[in-house]
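Student: Mapping the sequence shown onto UniProt numbering, position 104 (from 1) lands on 104, and the numbers just tick up by one.
Idealized CB from N, CA, C, for every residue including glycine.
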Amino acid sequence: MFAELALYLLSAGHLAGHRNGRLEASVGLWSRGRRCRTAWAPHEAATKAAILQSVQRLQRRRSVAVLGSGVLRDVPLAELSAAFRSVVLVDVVHLLPARLAARRHGNVFCVTADLSGLTGLSEGHLDLVSPLAVLEAIDDLDLVVSVNLLSQLGLGMIRVVEAHPGADETEDLPAKVVGLHLAALRAVGRSVCLVTDTDCEVQNRSGMVVEQENLLRGHRLPAPADAWNWEVAPFGEEARDLRRVHRVEAHPFFSGW
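(1) Give the range of the alpha helix (DSSP H) segment to which Arg34 is assigned.
(2) Output yes or no for whether 8 Å exceeds the beta carbon distance between Glu79 and Leu58.
(3) Have a look at Ile138 and Ala225 and give me their C-alpha separation to the nearest angstrom.
(4) Identify every run of the alpha helix (DSSP H) within the stretch 74 to 138, keeping only runs that are complete inside it and at least 4 residues long; order them along the chain.
(5) Measuring only the C-alpha atoms, how far is Ser54 from Ala239?
(6) Which residues in the same chain have their Cβ closer than 6 Å to the Cβ of Arg228, if we skip the five residues on either side of it in sequence?
(7) Measure from the alpha carbon of Val75 to the alpha carbon of each residue in Arg85, Thr38, Met208, Ala101, then state which is nearest.
(8) So the beta strand (DSSP E) Leu194 belongs to, where does it begin and stop?
(9) Alpha carbon to alpha carbon, how far is Pro252 from Val192?
(10) Measuring alpha carbon to alpha carbon, tell me which of Leu72, Ala113, Ala83 ends up nearest Val27.
(11) Expressed to the nearest angstrom, what Euclidean distance is found between the alpha-carbon atoms of Ser69 and Asp91?
(12) What does the alpha-carbon distance come out to for the pair Arg37 and His219?
(13) Just list the residues that DSSP pairs His251 with in beta bridges.
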């Protein structure tokens, strides 16, 4: 609890995340990652392996952009720093541990950007723009990595809509934001690695599924190069006799689809 409070206070100067509750969410994710480090370890290792697989295929390795870099638990930062001339970490919040990790490498930079494409609310409508416009400012970009971000964009939009009850309810905005991100990745004109959780199951101790949800809001992906289960919340984390498991897919060469 004290560690979370200290991290929040040290990171509260980043107002974009603070205004929309993203800072609290990032601190919560950091804290859960520490508590669930054993359960998360296989997922983090598989994610890093998928990212490095996409790197190995590149003919040129000048700049790489990591979208949704977060607290860097699932990003092979040292390997990317060694392989590329520059590494650009893009997220709406960069907590102090992530910033300190970036500073250990002279070619790693943190860029704060809202990757949902949401710019505001006007006359009851949510204003959306190209979610990956930030990439236009990165010189010699050879690889774009979207790392465990896609489903979070949809979940984040659900929270935004709930906070603005007057927003247009005729359109599935969470699904739209997920679709915009996928379309932007396909149009980026660079090699793309996509790692994302696609489905969620809540299971009891007997293994029975008591709740399930499609995290991509109905959007479909091609056959993955790899897939695995991620125990996001082991028994006791969210409920004593329930655990939450996400299905994760890796697409190291997504731009080819």
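Tutor: Once the coordinates are examined:
(1) 22 to 35
(2) no
(3) 28 Å
(4) 77 to 83, 96 to 103
(5) 37 Å
(6) What sits at residue 228 in the sequence shown is Trp, not Arg. Hits under 6 Å: Ala46, Val248.
(7) Ala101
(8) 191 to 204
(9) 7 Å
(10) Leu72
(11) 6 Å
(12) 30 Å
(13) Leu194
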